[in-house]
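Asks: Each number in the numbering used here corresponds to the 1-based position in the sequence shown with 21 added.
Built from N, CA and C at the ideal position, the CB exists for glycine as well.
Predicted model only: the values in this text are computed from it and were never measured.
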Amino acid sequence: MSTISLRLPNSLHKKAKDLAKKENTSINQLVSSALAEKISALSTEEYLENRAKKASKKKFNDALNKVADVETEKFDK
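1) Could you please give the first and the last residue of the uninterrupted alpha helix (DSSP H) stretch that includes glutamate 44?
2) So the candidates are Leu40, Glu94, Val52, Lys78; which of them puts its Cα closest to the Cα of serine 26?
3) Assuming lysine 38 contacts isoleucine 48 (C-beta within less than 8 Å), just tell me the rounded distance between them.
4) Output the residue ranges of the beta strand (DSSP E) runs that lie fully inside the segment 50-98 and measure 3 residues or longer, sorted by chain position.
5) Give me the Cα-Cα distance between alanine 62 and tyrosine 68, rounded to the nearest whole angstrom.
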């Protein structure tokens with residue numbers, strides 16, 4: 022575990038403190054969780070962008086051509 026020094030506007034610090042108290046957790050845990058969520062969201066976006074770059078319309082159409090040509094069930098409409 023490492024330590025960082027973080028400068029926050031007083032208003033944001035107060036909101037974090039109030040929310041941490043409401044959630045019955047520490048400000049450190051609240052900030053760690055928020056940072057983890059942000060990193061996850063950005064990593065997912067980057068992953069999807071990289072996957073999209075590898076996309077192939079031909080492979081997509083080939084996959085669609087393998088789908089059986091049947092009428093949609095009533096409950097799926």
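Replies: Short version:
1) Element bounds for glutamate 44: n/a, residue is neither H nor E.
2) Check the Cα spacing between serine 26 and each of Leu40, Glu94, Val52, Lys78: the tightest is with Val52.
3) Going by Cβ atoms, the distance from lysine 38 to isoleucine 48 rounds to 6 Å, so yes, they are a contact pair.
4) Taking 3 residues as the shortest admissible run, the segment 50-98 contains no complete beta strand (DSSP E) segment at all.
5) Using only the alpha carbons, I get a separation of about 10 Å.
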